[in-house]
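Undergrad: Dropping the structure in here first, questions after.
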Amino acid sequence: MNEITSLKDRTRAFSKERDWEQYHNPKDLAIALVLEATEVLEPFRFKTEFNKEELAKELADVLNILLRLSDVLDIDIMHWFEEKMKENEKKYPVEKSYGLNLKYSEFED
């Protein structure tokens, strides 16, 4: 069992123990994911320095919901992460993107 599967199992058990599975449909989990992702901004708001622990907790909340959503939809998130990285490597080859913050469609040929 890989680490992602172990984490998914843990989120599933947490939900089941609380009878929350009834609320964990794809739509509501997707909404929760976006809401939690916006909370990642909170440690930075109106501050010149941020609290790393506070940020880490917000990132963990995002990961929790992401794992739960991928579990409910039976998506192999590790597989799709690898596939997406391959796509990104093609879109953003080092020789065209190094040191630039351009979208791939803005690269000069």
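No gaps in the numbering here: position 3 of the sequence shown is 3 in this note's numbering, and each next residue is one more.
All C-beta atoms in this analysis are idealised placements derived from N, C-alpha and C, irrespective of residue type, glycine included.
Quick check on the DSSP output: the alpha helix (DSSP H) that includes Asn64 runs from which residue to which?
TA: First-last of the alpha helix (DSSP H) with Asn64: 52-72.
Undergrad: With Leu7 as the anchor, note down where its alpha helix (DSSP H) starts and where it stops.
TA: It spans 3-17 - the alpha helix (DSSP H) in which Leu7 sits, taken as one unbroken run.
Undergrad: State buried or exposed for Ile31, treating a residue as buried only when at least 16 other CB atoms are found within 10 Å of its CB.
TA: With fewer than 16 Cβ atoms within 10 Å of its Cβ, Ile31 is classed as exposed.
Undergrad: Give me the Cα-Cα distance between Ile77 and Arg45, rounded to the nearest whole angstrom.
TA: Cα-Cα distance, rounded: 31 Å.
Undergrad: Can you name, in chain order, every residue of its own chain whose Cβ lies under 6 Å from the Cβ of Pro43, other than the five neighbours on each side?
TA: Closer than 6 Å at Cβ, skipping near neighbours: Phe50, Asn51, Glu54, Leu55.
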